[in-house]
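**Student:** Position one of the sequence shown corresponds to residue 15 (this note's numbering), numbered consecutively onward.
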Amino acid sequence: MTGLGFQSKLNLPYEAALEKVTAALKAEGFGVLTSIDVKETMKKKLDIDFRKYTILGACNPPLAHRALTARLDVGLLLPCNVIVYEQGNGTVVHIIDPLSMTDFIQDPALDPVADEARQRLKRVAEAIQK
């Protein structure tokens with residue numbers, strides 16, 4: 015756990031780690047709505063070489079619906095981001111903690127949704143360690 019989320023260091027190649035985290039998200043009811051290949055984007059837009067780095071936008075539709083029903087502007091914080099990047103001989107996976115995103119909103123109606131999302135994403139972080 016870091017200030018913003020759950021971090022895991024995996025002794026897996028990048029592509030295998032990306033597949034593993036996507037499968038673990040699916041097992042907890044999250045689909046990947048967006049996948050941003052930062053390495054490719056940096057090369058295309060800036061002609062800069064960058065490490066393999068992907069930003070996944072993960073969404074659990076029932077949780078998103080509950081959050082948006084409680085407060086429409088919470089959509090600014092959705093979806094839940096997961097980053098996967100190469101580091102040394104392994105891969106780092108960093109998953110946002112939904113409570114870190116809602117701390118500054120301080121809306122009690124969002125607390126149960128954020129807590130459930132946190133528990134699910136925490137299980138994702140634990141599952142990819144196995």
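All C-beta atoms in this analysis are idealised placements derived from N, C-alpha and C, irrespective of residue type, glycine included.
Quick caveat: nothing in here was measured; it's all calculated off a predicted structure.
1. Got a sec, what are the start and stop residues for the alpha helix (DSSP H) Leu39 sits in?
2. What does DSSP give as the partner residue(s) for Asn95 in the beta ladder?
3. Quick one: any contact between the stretch 95-108 and the stretch 118-131, if contact means 3 or more CB pairs under 8 Å?
4. So is Asn74 buried or exposed if we call it buried at 16+ other beta carbons inside 10 Å?
5. What runs of the alpha helix (DSSP H), each 4 residues or longer, lie entirely inside the stretch 106-133?
6. For Gly17, which residues in the same chain have their Cβ closer than 8 Å to its Cβ, ignoring the five residues on either side in sequence?
7. Closest to Ala31 by CA distance: which of Pro126, Pro93, Thr68 is it?
8. Taking the alpha carbon of Val138 as the point to measure from, which residue in Lys59, Leu82, Ala84, Gly45 has its own alpha carbon closest?
9. Counting pairs of beta carbons, one from the stretch 83-92 and one from the stretch 49-69, are three or more of them closer than 8 Å?
10. May I ask which residues mark the beginning and end of the beta strand (DSSP E) holding Leu47?
11. Measure the C-alpha to C-alpha separation of Thr55 and Lys66 and round it to an integer number of angstroms.
**Tutor:** In terms of the structure at hand:
1. 28-41
2. Gly71
3. no
4. buried
5. 112-116
6. Ser114
7. Thr68
8. Gly45
9. no
10. 45-51
11. 11 Å
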